[in-house]
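Quick notes on the structure that follows.
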Amino acid sequence: MTPASKSVLILGATSDIGRAIAGRYAAAGWSLILTARDVANLDRDIADLAVRHQAKARALAFDVLDLAGFPALVAAVGDTPDTVVSVIGELGDQDRAMSDPAFAANVMRANFEGPSVILALFATAMAVRGPASSLVSARWLASAGERQTLSMARPRPASPPSSPACARASPPVAYTSSRSSLALSAPA
1 MTPASKSVLI LGATSDIGRA IAGRYAAAGW SLILTARDVA NLDRDIADLA VRHQAKARAL
61 AFDVLDLAGF PALVAAVGDT PDTVVSVIGE LGDQDRAMSD PAFAANVMRA NFEGPSVILA
121 LFATAMAVRG PASSLVSARW LASAGERQTL SMARPRPASP PSSPACARAS PPVAYTSSRS
181 SLALSAPA
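Mapping of the sequence shown onto full-length UniProt numbering: position 48 corresponds to residue 48, and the numbering continues sequentially without gaps.
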């Protein structure tokens, strides 16, 4: 399969990391499907990708908190993409979460429930499609010295995948764990 015939869906494409990932895939010749709550926020990005990389890209609306709308997104995507990258989530405010359970629940839905459900839908479609598919979920947290987060986990240094299944995978993004730095490698 040539890069021109490969496609990537980026969930959360208006985040800084989403934009960086889109640029790398566009530079490698992939077609892009970018999602955001407000697709108008993607217009400039799509125009930029077309000018810089002659990339084919389109925007779709996606709200990670609207579980009922997930099947519509899968249908709007059409053919199952070769790769789905999720960089969606919300940092939230620790003080507010401590005093407002509804706010805390929304942050957890944005970071865990929503991404898990949408990725499961695409994983099912990818299983039907065959082995040449990849799911990538990127989550990162600020280090304890920078700000508090709503997570019970703290970032740990990344280590290369050790399981045989992971070793065969070729993820386009690698977290290098020096605070918030990310090493992006070109998609295959």
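A virtual CB, placed ideally from N, CA and C, is assigned to each residue, including glycine.
- DSSP lists I10 and V136 as the beta-bridge partner residues of V85.
- A Cβ-Cβ separation of about 5 Å places L121 in contact with V74 under the 8 Å criterion.
- L60 is not a Cβ neighbour of A22, given a cutoff of 8 Å.
- Where R37 is concerned, there is no enclosing beta strand (DSSP E), because DSSP gives it neither an H nor an E.
- Our two residues, A97 and A28, have alpha carbons roughly 41 Å apart in a direct line.
- Its chain contains L121 as the residues whose beta carbon lies nearer than 8 Å to that of P71, once the 5 sequence neighbours on both sides are disregarded; these appear in chain order.
- Going by DSSP, R24 is part of the alpha helix (DSSP H) stretching over D16 to A27.
- Taking all protein chains shown into account, F62 has 16 or more neighbouring C-beta atoms within 10 Å of its C-beta and is therefore buried.
- Counting along the chain, the unbroken beta strand (DSSP E) around R58 starts and ends at A57 to A61.
- The three-state secondary structure of L121, taken from DSSP, is helix.
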